[in-house]
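Residue numbers (UniProt numbering): 1 to 154.
Written out as structure tokens, the structure reads:
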């Protein structure tokens, strides 16, 4: 199995997780994405072909789960020598296809179809919450021994 050899070279890689690896012949394909996708937000999806020598098209599909009857996102990128056979693609999952219930666990199917016939697929949890947290305090600066009051807003 392949691993990312230098994660810091990828934009925002500390938020990405390798979710699927595929191997065909001596080529190793990588599909990497956040372990939680937020609806309505722009998310990064990373695809890579290690040891590739020729151009390779990759179709990145996001479908509803479990039926996979609705295509939520469909984009194609080309991996080539100029981009080191790597692409960081942005997707956005439309909010209208999900119930606005933060307690309900909802999923999507994320798939990368490489033009050589390799398909990588993973089911990913979806969140309908925006994820912002605002903290207001009574002081602009705290020292280790100081005490203060705070107000949390989401």
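The beta-carbon is built from N, C-alpha and C at its ideal position, and this holds for glycine as well.
Bear in mind that the values here come from a model prediction, so they are computed numbers and not experimental data.
*Return the CA-CA distance between residue 114 and residue 100, expressed in angstroms with no decimal places.*
Within the chain shown, numbered from 1, the residue matching residue 114 stands at position 114. Within the chain shown, numbered from 1, the residue matching residue 100 stands at position 100. Going by the C-alpha atoms only, they are around 33 Å apart.
* Asked: Could you give the uninterrupted runs of the beta strand (DSSP E) lying entirely in the UniProt domain "Complement C3/4/5 macroglobulin" (29-127), keeping only those of 3 residues or more?
  -> Fully enclosed beta strand (DSSP E) runs of no fewer than 3 residues occupy 36-38, 42-50, 56-64, 71-79, 86-92, 106-114, 119-127 of the UniProt domain "Complement C3/4/5 macroglobulin" (29-127), in order along the chain.
**Study point:** DSSP three-state assignment for residue 136, whether helix, strand or coil
**Key:** Counted from its first residue, the chain shown places residue 136 at position 136. The answer is strand: DSSP assigns residue 136 an E or B state.
Would residue 39 and residue 110 qualify as a contact pair, given that the criterion is a beta-carbon distance under 8 Å? Position 39 of the chain shown, counted from the first residue, corresponds to residue 39. Position 110 of the chain shown, counted from the first residue, corresponds to residue 110. Cβ atoms of residue 39 and residue 110: not closer than 8 Å.
Practice problem: Would you identify the three-state DSSP class for residue 141, choosing helix, strand or coil? | Solution: As a first step, residue 141 is located in the chain shown; it is residue number 141 there, counting from the start. Secondary structure at residue 141: coil, using DSSP grouped into helix, strand and coil.
| message | Only counting the same chain, and skipping five residues up and downstream in sequence, which positions put a Cβ closer than 6 Å to that of residue 166? | response | Lying outside 1 to 154, the shown extent of the chain, residue 166 is not represented and no answer is given.
So, for residue 45: in the same chain, excluding its five sequence neighbours on each side, which residues have a beta-carbon less than 6 Å away from its beta-carbon?
One-based indexing of the chain shown puts residue 45 at position 45. So the qualifying residues of the chain are 33, 60, 89, 91.
*Close-in-space but distant-in-sequence residues of the same chain around residue 57 (CB under 7 Å, 5 per side omitted)*: To locate residue 57, count along the chain shown from 1; it is residue 57. The residues are 76, 78, 115.
Indicate whether residue 37 and residue 126 have their beta-carbon atoms separated by less than 8 Å. On the chain shown, position 37 is the one that residue 37 refers to. On the chain shown, position 126 is the one that residue 126 refers to. Result yes, Cβ atoms of residue 37 and residue 126 sit closer than 8 Å.
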